[in-house]
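The next block holds one structure in the form of structure tokens; read it before the comments.
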Amino acid sequence: MRKWIILAVLLGGAPAALADERLPPITNEAVKKECGACHMAFQPQFLPQRSWRKMMDGLSDHFGEDASLPEATRLEIAAYLEANAGDVSGSREGRKFVKSIAADQSPMRITEVPRWVGEHRGEVRESAWSDPRVRSKANCVACHRGADSGWYDDD
Numbered sequence: 006m007r008k009w010i011i012l013a014v015l016l017g018g019a020p021a022a023l024a025d026e027r028l029p030p031i032t033n034e035a036v037k038k039e040c041g042a043c044h045m046a047f048q049p050q051f052l053p054q055r056s057w058r059k060m061m062d063g064l065s066d067h068f069g070e071d072a073s074l075p076e077a078t079r080l081e082i083a084a085y086l087e088a089n090a091g092d093v094s095g096s097r098e099g100r101k102f103v104k105s106i107a108a109d110q111s112p113m114r115i116t117e118v119p120r121w122v123g124e125h126r127g128e129v130r131e132s133a134w135s136d137p138r139v140r141s142k143a144n145c146v147a148c149h150r151g152a153d154s155g156w157y158d159d160d
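For reference, each letter of the sequence shown is one residue, going 6 to 160 in the working numbering.
Next up, the structure:
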């Protein structure tokens, strides 16, 4: 796959088949700044609208931390995440992630989405998550150097 990406860059763009394997990079500056202050700002296509809504409504206890924001900023980020969620975006990869989630579930962790679990099961040793270079399942860029730009092919 890597040689195809290099070839695409040399030819001036990614073929449609490769473009489908990429999640669109985040374009909202508030999302980059506020979410990216503590962890990688995840592409909203990984979760459905209902999950982002639940997450943004519970920022006072965001995985054990108080991530509260000024209301205008919270609303801006929530609107961006919901407008680009996997169940409403045109992203093929995003649709695959959301399709793996039961309709009555609203996962709060991308690492608990069945597609994420399936993609990593058998390929990643459990001990890798405690490696000081990785630290957690949410540190995508430790293994996927292009993750912040939407590329999740193994590097």
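Every residue, glycine too, gets a C-beta built ideally from N, C-alpha and C.
{"Item": "Alpha helix (DSSP H) runs contained entirely in the stretch 41-123, provided each spans 4 or more residues", "Value": "54-62, 76-88, 97-104"}
{"Item": "Inter-residue Cα distance where the pair is Pro49 and Glu81", "Value": "14 Å"}
{"Item": "When Gly69, Met61, Arg114 are compared against Pro2, the one with the closest alpha-carbon", "Value": "Limits of the chain in this structure are 6 at one end and 160 at the other, which puts residue 2 out of reach."}
{"Item": "Whole-Å CB distance - Ala143 paired with His44, under 8 Å assumed", "Value": "6 Å"}
{"Item": "contact_flag[the stretch 92-105, the stretch 129-142] where n(CB pairs < 8 Å) is 3 or more", "Value": "no"}
{"Item": "Integer Cβ distance of Val139 from Ala147, believed to fall under 8 Å", "Value": "4 Å"}
{"Item": "Own chain, CB closer than 6 Å to His149, minus 5 neighbours either side, in chain order", "Value": "Tyr157"}
{"Item": "Selected residue, minimal CA-CA separation from Thr32, among Val118, Arg120, Leu86, Gly99", "Value": "Leu86"}
{"Item": "Straight-line Cα distance separating Lys37 from Leu15", "Value": "With a pLDDT of only 39 at Leu15, under the threshold of 50, the placement of this residue in the model should not be trusted; the figure read from the coordinates follows. Roughly 29 Å between the two C-alpha positions."}
{"Item": "Cα-Cα separation, Ala72 to Ala42", "Value": "10 Å"}
{"Item": "C-beta atoms of Pro53 and Gly91 nearer than 7 Å", "Value": "yes"}
{"Item": "Buried versus exposed call for Gly123 [16 or more other C-beta atoms within 10 Å across all chains shown]", "Value": "exposed"}
{"Item": "Gly99 versus Glu34, Glu39, Phe47, Cys40, residue with shortest Cα-Cα distance", "Value": "Phe47"}
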